[in-house]
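Residue numbers (this note's numbering): 1098 to 1234. Reviewing the structure listed below.
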């Protein structure tokens, strides 16, 4: 149970549960801040997988880190998939060819969502799990 009855906290908790179901490696814990749900930085492969889970056309797995052009393509895929899932709400998505904090692997930054958009994203992830048969044995 979420620690707070606040809508933003509840939406962040539900989104975290949906993300955990898909075992998206390295996805930071969404949290509520000033009435919005902050998503954070994810790796390019995690962003690609998120886009696919949300209904984007699957792409071939790559063995090396993306360059700027490929990174921009990943950003567009995840931006389109997330915007469709949250029913058009603006989502700030950007690509950094290197992590500005650790000077290592490329990252995709995801901005924040309203609690309503976070709930829509949670529902889209749950629908993706049902369609893919995730968790069924």
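Backbone N, C-alpha and C define an ideal beta-carbon position, used for all residues, glycine too.
* **Beta-carbon contacts of residue 1148 that lie in its chain and below 7 Å, excluding the five residues immediately before and after** => In the chain shown, counting from the first residue as 1, residue 1148 sits at position 51. Excluding sequence neighbours, residue 1148 sits near 1174, 1175 and 1178.
* With distances taken Cα to Cα, identify the nearest neighbour of residue 1219 among 1132, 1138, 1151 and 1142. => Mapped onto the chain shown, residue 1219 falls at position 122. The candidate whose alpha carbon is nearest that of residue 1219 is 1151.
* Asked: Is residue 1121 helix, strand or coil by DSSP?
  -> For this step, residue 1121 is matched to residue 24 along the chain shown. In the structure shown, residue 1121 sits in coil (DSSP, three-state: anything other than H, G, I, E or B).
* To do: Starting from residue 1145, trace the alpha helix (DSSP H) both ways and give me its first and last residue.
  => As a position in the chain shown, residue 1145 is number 48, starting the count at 1. Residues 1141-1150.
* **residue 1128 versus residue 1109 - alpha carbon distance** => Within the chain shown, residue 1128 is the residue found at index 31, counting from 1. Within the chain shown, residue 1109 is the residue found at index 12, counting from 1. About 5 Å.
* beta strand (DSSP E) runs contained entirely in the segment 1167-1203, provided each spans 3 or more residues -> 1190-1193
* Once you ignore the five residues that flank residue 1112 on each side, which residues in its own chain have a CB closer than 7 Å to its CB? -> The residue you call residue 1112 lines up with position 15 of the chain shown. Cβ neighbours of residue 1112 beyond the five flanking positions: 1127, 1134, 1215, 1218 and 1219.
* To do: For the beta strand (DSSP E) holding residue 1130, just list the boundary residues, first then last.
  => On the chain shown, residue 1130 is found 33 positions in, with the first residue counted as 1. 1128-1130 is the extent of the beta strand (DSSP E) around residue 1130.
* To do: Flag this pair as yes or no: are the beta carbons of residue 1204 and residue 1139 separated by less than 8 Å?
  => If you number the chain shown from 1, residue 1204 lands on position 107. If you number the chain shown from 1, residue 1139 lands on position 42. The answer is yes: Cβ separation under 8 Å.
* Asked: Which class does residue 1213 belong to by DSSP, given the choice of helix, strand or coil?
  -> By one-based count along the chain shown, residue 1213 stands at place 116. Here residue 1213 sits in helix by DSSP.
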